[in-house]
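Quick note: the sequence shown uses my numbering, first residue 133, plus one each step. Glycine included, each C-beta is placed from N, C-alpha and C at the ideal position. Okay, so here's the structure we're looking at.
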Amino acid sequence: VIDDAFAVSAKFFHAPLDEKLKQSPSTETMFRGYLSETRKYRAYYDFDRDHAIAETEGQSVGGKENFLFGVDTQGGEQVSAPEDWPRGPNPWPASFPEFRSKSYGFYEEMHKAGEDILRMVALALDADEDFFSKRYGEEGDTSLGLFSFYPPLTPAEVAAGKQSLLGHADFSCITLLVQDQVGGLQVQERSSRRWIDARPIPGSIIVNVGDLLARWSNNRYVSTPHRVMNMAGRERFSILLTYNPKADVMVDPRDLGVSDEDSLYPPVQAGRYMWARMMETSLPGEAWKTKVKSGGTIQLVNYLRD
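This is the structure in structure tokens:
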């Protein structure tokens, strides 16, 4: 399944640009389809300010390409509310039917693995084994598959401080990542803040704790800052699943035995949380400012930070 996903991912990203662009999202808020990072983003976070939006745009390198997909559901293209975010079809390429079938094969197997992992997490948190699985499901699922292509960094780009993927922590519950043998993934060591290579291990799946699980567990599990520096001189591919609960689920540390006094986070609806974080990290500068001025996004962001 994993080999098949890598194969169709490479075939898709090696297609002509005009073909890939046909699978682009039809709105800024759809979060499905082909996304090319050829513009500057206000994405990612300043770890010194508790994941607040960075004041400056990061030094990422144009050229990284992504294909983002989720459960194919009915719904309009114009997504206007957090609860609607998971709804809608994926823009699969009609001329490449195998891409859809192999991508979903990967999605479904990673979904099963994610459920098994969260069963163990639940037991480690002294909760019922099915604590998380009861809050997941295809209807309203906010999980997303992501295939990514990274061109190699040039020596000049490395010297200029450029990164293939800016340092960040995922905002998922957990992320299940498979990288190819090129390497480039780095994890930040918390005490020294040094970046450490996460070398590829054949047949392995990397599991990242995301900010949503950090909230839910009241920081008993903490999210993992990481980045990509592709300095291998050749292209890199990765495939992953962000494994997340249903949109209407309330994420509340008190449901996992944390007292009111000890709870570090207020309850938040999963769909609203995911929506706010996607809007923070995905809109380019001017579009982000427009959303803030309109009052749509900033209200959600403030709500999450109360």
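Per DSSP, which one or two residues make a beta bridge with residue i?
| i | result |
| --- | --- |
| Tyr-98 | Given that the chain is displayed from residue 133 to residue 438, the structure contains no residue 98 and the question cannot be resolved. |
| Asn-198 | Leu-167 and Ser-280 |
| His-243 | Answer is none; His-243 lacks a bridge partner. |
| Leu-317 | Val-360 |
| Ser-370 | Ser-280 and Gln-311 |
| Val-400 | Val-383 |
| Leu-297 | Val-360 |
Nearest by alpha-carbon distance to residue i: which of the options is it?
| i | options | result |
| --- | --- | --- |
| Ser-233 | Asp-384, Ala-139, Val-354 and Ala-364 | Ala-139 |
| Ile-328 | Pro-357, Leu-309 and Leu-344 | Pro-357 |
| Leu-250 | Leu-345, Ala-379 and Tyr-405 | Leu-345 |
| Lys-143 | Ser-324, Phe-279 and Ala-254 | Phe-279 |
| Trp-407 | Ala-256, Glu-230, Phe-303 and Glu-247 | Phe-303 |
| Gly-202 | Ser-323, Lys-378, Asp-248 and Lys-294 | Lys-378 |
| Gly-335 | Asn-351, Ser-323, Gln-313 and Val-319 | Gln-313 |
| Ala-137 | Phe-231, Tyr-405, Asn-376 and Ala-301 | Phe-231 |
| Arg-164 | Tyr-268, Tyr-405, Leu-285 and Ser-275 | Ser-275 |
| Val-339 | Asp-150, Asp-248 and Asp-394 | Asp-248 |
| Thr-374 | Ser-235, Met-242, Ala-226 and Leu-298 | Met-242 |
| Pro-287 | Arg-366, Arg-326 and Asp-394 | Arg-366 |
Please check the pair residue i and residue j, which I expect to be a contact at CB under 8 Å, by giving their CB distance rounded to whole angstroms.
| i | j | result |
| --- | --- | --- |
| Val-451 | Arg-347 | The chain is shown from 133 up to 438; residue 451 falls before or after that span and cannot be answered. |
| Ile-452 | Phe-228 | Here the chain covers residues 133 to 438 and nothing more, so residue 452 does not appear. |
| Asp-461 | Pro-221 | Within the shown structure, residues of the chain are numbered from 133 to 438, placing residue 461 beyond reach of any answer. |
Can you find the residues in the same chain that come closer than 6 Å, C-beta to C-beta, to residue i, ignoring five residues on each side of it along the sequence?
| i | result |
| --- | --- |
| Arg-181 | With a pLDDT of 36 at Arg-181, under the threshold of 50, the modelled position of that residue is not reliable, and the figure given next carries that caveat. Excluding residues within five positions, none has a Cβ falling inside 6 Å. |
| Glu-197 | Phe-145, Ser-168 and Phe-281 |
| Tyr-166 | Lys-152, Gln-155, Ser-156 and Phe-199 |
| Ala-254 | Glu-261, Phe-263 and Phe-264 |
| Gln-311 | Leu-317, Pro-332 and Ser-370 |
| Gly-195 | Pro-283 |
Report all residues from its chain with a CB closer than 8 Å to the CB of residue i; omit the five preceding and five following residues, and keep chain order.
| i | result |
| --- | --- |
| Gly-316 | Tyr-282, Ser-296, Val-360, Met-361, Asn-362, Met-363, Ala-364 and Arg-368 |
| Asp-392 | Arg-386 |
| Ala-245 | Leu-308 and Ile-337 |
| Val-290 | Met-361 and Met-363 |
| Ser-426 | Confidence in Ser-426 is poor, its pLDDT being 34 and thus under 50, which makes the residue's placement too unreliable to answer from. |
Leaving out five residues before and five after residue i in sequence, what residues of the same chain have Cβ atoms less than 7 Å from its Cβ?
| i | result |
| --- | --- |
| Val-341 | Ile-306, Tyr-353, Val-354, Ser-355 and Thr-356 |
| Glu-409 | Note that residue 409 is Arg in the sequence shown here, rather than Glu. Excluding residues within five positions, the ones whose Cβ falls inside 7 Å are Phe-303. |
| Gln-431 | Bear in mind that the predicted position of Gln-431 carries a pLDDT of just 32, short of 50, making it unreliable; the figure below should be weighed with that in mind. Same-chain partners within the cutoff: there are none. |
| Val-390 | Asn-350 |
| Arg-267 | Pro-377, Lys-378 and Val-381 |
| Lys-421 | A caution first: Lys-421 carries a pLDDT of 37, below 50, which makes its placement in the model unreliable, though a value can still be read off. Answer for Lys-421: no residue qualifies. |
- Which runs of the alpha helix (DSSP H) spanning at least 4 residues fall entirely within the region 255-291, listed in chain order? 287-291
- What residue ranges within the region 323-355 form continuous beta strand (DSSP E) runs of no fewer than 3 residues, ordered along the chain? 327-329 and 338-341
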